[in-house]
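Visitor: In my numbering, the protein residues as written are 584 to 1004. Backbone N, C-alpha and C define an ideal beta-carbon position, used for all residues, glycine too. Just so we're clear, the structure is a prediction, and the values are computed from it rather than from any experiment.
1) I want to know whether the stretch 865 to 875 touches the stretch 778 to 796 - three or more CB-CB distances under 8 Å.
2) Please classify residue 819: is it buried, with 16 or more other beta-carbons within 10 angstroms of its beta-carbon, or exposed?
3) Out of 861, 952, 657, 875, state which residue places its alpha-carbon closest to the alpha-carbon of residue 553.
4) Between which two residues does the alpha helix (DSSP H) harbouring residue 630 extend?
5) By DSSP, does residue 770 sit in helix, in strand, or in coil?
6) Taking only runs that begin and end inside the stretch 648 to 735, name each unbroken alpha helix (DSSP H) of 4 or more residues, in chain order.
7) Determine the extent of the alpha helix (DSSP H) in which residue 869 is found, giving its start and end residues.
8) Quick check on residue 752: buried or exposed, where buried means 16 or more other Cβ atoms within 10 Å of its Cβ?
9) State the Cα-Cα distance for the pair residue 530 and residue 721, rounded to the nearest angstrom.
10) Compare the C-alpha of residue 887 against each of 989, 788, 756 and name the closest.
11) In the structure shown, what three-state DSSP assignment does residue 825 receive?
12) Note down the Cα distance separating residue 850 from residue 766, rounded to an integer number of angstroms.
13) On the three-pair Cβ rule with 8 Å, is the stretch 802 to 812 touching the stretch 956 to 970?
14) If you draw a straight line from the alpha carbon of residue 611 to that of residue 738, how long is it in whole angstroms?
15) According to DSSP, is residue 907 part of a helix, a strand, or is it coil?
16) Take the Cβ of residue 628 as the centre, count every other Cβ of all protein chains shown within 10 Å, and call the residue buried at 16 or more, exposed below.
17) Considering only the alpha carbon of each residue, which of 743, 978, 648, 944 lies closest to residue 916?
18) State the Cα-Cα distance for the pair residue 548 and residue 770, rounded to the nearest angstrom.
19) Quick one, are the C-beta atoms of residue 688 and residue 651 less than 9 Å apart?
20) For residue 656, which residues from the same chain have a beta carbon less than 6 Å from its beta carbon, with the 5 sequence-adjacent residues on both sides left out?
21) Measuring CA to CA, which of 929, 634, 937 is closest to residue 742?
22) Have a look at residue 705 and residue 855 and give me their C-alpha separation to the nearest angstrom.
23) Alpha carbon to alpha carbon, how far is residue 952 from residue 846? Give it in angstroms, no decimals.
24) CA-CA distance, residue 891 and residue 815?
25) With residue 815 as the anchor, note down where its alpha helix (DSSP H) starts and where it stops.
26) Are the beta-carbon atoms of residue 791 and residue 883 separated by less than 9 Å?
27) How would you write the range of the alpha helix (DSSP H) that residue 968 sits in, first residue to last?
28) When you compare only the Cα positions, how much space is there between residue 995 and residue 932?
29) Quick one: is residue 585 buried, meaning 16 or more other Cβ sit within 10 Å of its Cβ, or exposed?
Listed below in structure tokens is the structure:
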């Protein structure tokens, strides 16, 4: 039987250990890092590239501002629901087929968006895009945990996050250029081309990391029971909610970027970089420092430091928004500081969560991703309409996010006070 294969001390079979040894070298590890980062970038490219084209799309289709916001909300709903199955299916049939198959469907949906002649058609294809955009991100994290342990897994996630952070910088700049020099459908043709490149790259560059001997049977009823057991587990509820709530404090600026950049800062559709570049620089620096700190300080100390930085950023943001007239420097700097602290928190808590449910990492990664994206859907549908009325409201959402995240983190520490400090 497959399950009787000899195991090493880590619990891996000889075949699994051979894969781990293959990626122990710097060159192979970095090639994998680039690929997994590129796969993760499909999501932010699908979100941020078309934000600068909102006004042009609204006039061309035609559509209302609420309907355009709905193109984001439906994307996130599709992402959140179907991502629940990406990890579980990859636990059953392997990581590679799931990644390639979902990206192919995403490419077809991108063509549909490009050819849409009405807002109803665009909404349908945006929903389809969202349903199949998340596998690279969800399954990619499971690949990392298949191949790396402990501190090295945290370092690998930090490397991926540093590269992944380039997408929200590149995407709005590219989208602004495309809509200024071509037209809004060209943005979705670009997404189709990117999906095609990812399929080819995955086909030739990704080795299957989840071997048949470690796979779990896929069945809907047991899957629902598994998700139910994970979802109602207190450890999952605490650890999975923290990154999503922290991200909400930044994501409100992404989803509300047209109002924040053009209405309140009085810039143009080609100026989205003034928001994204400093913010993503904060994410990149935080991810880099997180990787450097892995194994040098405890995860609790790193988490507390990240939350302290986010709290300072939120306080500065409220003061600036209440007392200073619109200014690019003063209103962007606190956001960049917030994202720096946010990135210190994310990698260690992700590893902690995956290790807590090591028997089904693909499933727990998918469930965490779905919960995270569900929060993003709520943000676009409810929080953004509130926040985009003023700069102070944006700042209050950030402050509320870090406060709630820190309360949950303190609750987790109390529940696990006998673990490492």
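Guide: Walking through what the data contain:
1) no
2) Translated into the one-based positions of the chain shown, residue 819 becomes position 236. Under this definition residue 819 is a buried residue.
3) It is not possible to answer for residue 553, since the shown part of the chain is limited to 584 through 1004.
4) Position 47 of the chain shown holds residue 630. Counting along the chain, the alpha helix (DSSP H) containing residue 630 begins and ends at 625 to 631.
5) Along the chain shown, read from residue 1 onward, the residue named residue 770 stands at position 187. If DSSP states are grouped into helix, strand and coil, residue 770 belongs with the helices.
6) 648 to 676, 678 to 697, 702 to 714, 718 to 730
7) Here the question's residue 869 lines up with position 286 in the chain shown. Its alpha helix (DSSP H) spans residues 856 to 876.
8) Stepping through the chain shown from its first residue, residue 752 is reached at position 169. By the neighbour-count criterion, in which a residue is buried when 16 or more other Cβ atoms sit within 10 angstroms of its Cβ, residue 752 is buried.
9) Here the chain has residues from 584 to 1004 only, and residue 530 is not among them.
10) Start at 1 with the first residue of the chain shown, and residue 887 comes out as number 304. Nearest option by C-alpha distance: 989.
11) Walking along the chain shown from the start, residue 825 turns up at place 242. The answer is helix: DSSP assigns residue 825 an H, G or I state.
12) As a first step, residue 850 must be located in the chain shown, where it is residue number 267. As a first step, residue 766 must be located in the chain shown, where it is residue number 183. Answer to the nearest angstrom: the Cα atoms are 20 Å apart.
13) no
14) Counted from its first residue, the chain shown places residue 611 at position 28. Counted from its first residue, the chain shown places residue 738 at position 155. Their backbone Cα atoms lie some 15 Å apart in a straight line.
15) As a position in the chain shown, residue 907 is number 324, starting the count at 1. Correct three-state label for residue 907: coil.
16) As a position in the chain shown, residue 628 is number 45, starting the count at 1. Under this definition residue 628 is a buried residue.
17) For the purposes of this step, residue 916 is taken as the residue at position 333 of the chain shown. Cα-wise, what sits closest to residue 916 is 978.
18) There is simply no residue 548 to check, as the chain begins at 584 and stops at 1004 in what is shown.
19) The residue given as residue 688 occupies position 105 in the chain shown. The residue given as residue 651 occupies position 68 in the chain shown. No, the Cβ-Cβ distance between residue 688 and residue 651 is not below 9 Å.
20) Working through the chain shown from its first residue, we reach residue 656 at position 73. Taken in chain order, the residues that qualify are 960, 963, 964.
21) Position 159 of the chain shown, counting from 1, holds the residue named residue 742. Residue 929 is the option with its Cα nearest to residue 742.
22) Taking the chain shown and counting its residues from 1, the one referred to as residue 705 is at position 122. Taking the chain shown and counting its residues from 1, the one referred to as residue 855 is at position 272. Going by the C-alpha atoms only, they are around 23 Å apart.
23) For the purposes of this step, residue 846 is identified with residue 263 of the chain shown, where counting begins at 1. For the purposes of this step, residue 952 is identified with residue 369 of the chain shown, where counting begins at 1. Between residue 846 and residue 952, the C-alpha separation is close to 31 Å.
24) Translated into positions along the chain shown, residue 891 becomes position 308. Translated into positions along the chain shown, residue 815 becomes position 232. Rounded to the nearest angstrom, the gap between the Cα atoms of residue 891 and residue 815 is 29 Å.
25) Reading the chain shown from its first residue, position 232 is the one you call residue 815. The continuous stretches of alpha helix (DSSP H) do not include residue 815, and DSSP gives it neither H nor E.
26) Numbered from its first residue, the chain shown carries residue 791 at position 208. Numbered from its first residue, the chain shown carries residue 883 at position 300. No. Outside cutoff.
27) By 1-based counting over the chain shown, the position of residue 968 is 385. Residues 967 to 970.
28) What you label residue 995 is simply residue 412 of the chain shown in a count that begins at 1. What you label residue 932 is simply residue 349 of the chain shown in a count that begins at 1. For residue 995 and residue 932, the distance between alpha carbons rounds to 11 Å.
29) For the purposes of this step, residue 585 is taken as the residue at position 2 of the chain shown. Confidence in residue 585 is poor, its pLDDT being 41 and thus under 50, which makes the residue's placement too unreliable to answer from.
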